[in-house]
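A.B. asks: Throughout the sequence shown, residue numbering follows the working numbering, covering 377 to 604 in sequence.
Glycine included, each C-beta is placed from N, C-alpha and C at the ideal position.
Quick one: the structure is below, questions incoming.
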Amino acid sequence: MAKILLVEDDDILADQIVNWLEGHEHHNVELCADGMEGAEKLEYHKYDVAVLDWGLPSLSGIQIIRQFRAAGGGTPILILTGRDKIHEKEEGLEAGADDYLTKPFEIRELSVRIKALLRRPQAFVGTKMEVGSLAIDTTEHRVFCGSREVSLQPKEFDLIEFLVRHKGRVVKTQALLEHVWSSDSFVTSETIYTYVRALRKKVEEAGGDSSIIQTVRGVGYSVREPDK
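So this is what it looks like as structure tokens:
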């Protein structure tokens, strides 16, 4: 069973796809009809496959893909569209889509293509990220300030990695609770505050600039490049 994001504003088609994927294939499908909402879900939640319509309200499927890939997102993406010209297919694939299905289509063909994407190895995502003097190696699960290693607990690493992946943007507290502590229902916003405070202290002790981890009161947290 896979977790699939479906972003489709055609209610009839969306219902057909959800009914087939959940009823026949036993997948877990999250459905939304708005491009901005779909982009936020794809950014902050983990899916095995995403299925996006090209023409969506507020943000097109192509825009979602470009934004997601630019941020390092590796989830396999299949795009649905009525556009069938070769140059349009090239645009979709070059934007970062893994597959392209032209409407109208048989639900069984969509199912086969999703199965193929689920068998495909996840795309490689860069293992080194930097912000200020802080460097993160996501393969080795190690963090450095200059030449000095910052010793972090597993959840501390998960938290700083998630924040740095979304560098320059405000990450809502709820998104951190769902992504970093998704398996622990007893965690609260106070827990995140405690971890952020510990992270800042450890970064400072290693000679780094703790101001890169910023609190946005009433909203969440953000990692930003230090002021010059």
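Do Tyr423 and Ile455 have their C-beta atoms closer together than 9 Å?
C.D. replies: For Tyr423 and Ile455, no; Cβs fall outside 9 Å.
A.B. asks: Taking contact to mean 3 or more Cβ pairs, one atom from each stretch, closer than 8 Å, check whether the stretch 542–552 and the stretch 467–475 are in contact.
C.D. replies: The answer is no - the stretch 467–475 does not touch the stretch 542–552, with fewer than three Cβ pairs under 8 Å.
A.B. asks: Quick check: is any heavy atom of the ligand ZN less than 8 Å from the C-beta of Val540?
C.D. replies: This structure simply doesn't include the ligand ZN, nor any ligand for that matter.
A.B. asks: Would Val526 and Leu539 qualify as a contact pair, given that the criterion is a beta-carbon distance under 9 Å?
C.D. replies: Contact flag unset, no.
A.B. asks: Quick one: is Leu494 buried, meaning 16 or more other Cβ sit within 10 Å of its Cβ, or exposed?
C.D. replies: Per the 10 Å Cβ criterion, exposed.
A.B. asks: Which residue's Cα is closest to the Cα of Thr451: Ser436, Val427, Glu466?
C.D. replies: If we check each option's Cα against that of Thr451, Val427 comes out closest.
A.B. asks: Cutting at 7 Å between CB atoms, please list the residues of its own chain near Ser565, excluding the five before and the five after it.
C.D. replies: If we look at Ser565 and ignore the five residues flanking it on each side, its Cβ neighbours are Thr549.
A.B. asks: When DSSP builds the beta bridges, which residues end up paired with Phe520?
C.D. replies: Answer is Ala511, Glu525, bridged to Phe520.
A.B. asks: Give me whichever residues DSSP pairs with Glu506 in a beta bridge.
C.D. replies: Answer is Ala511, bridged to Glu506.
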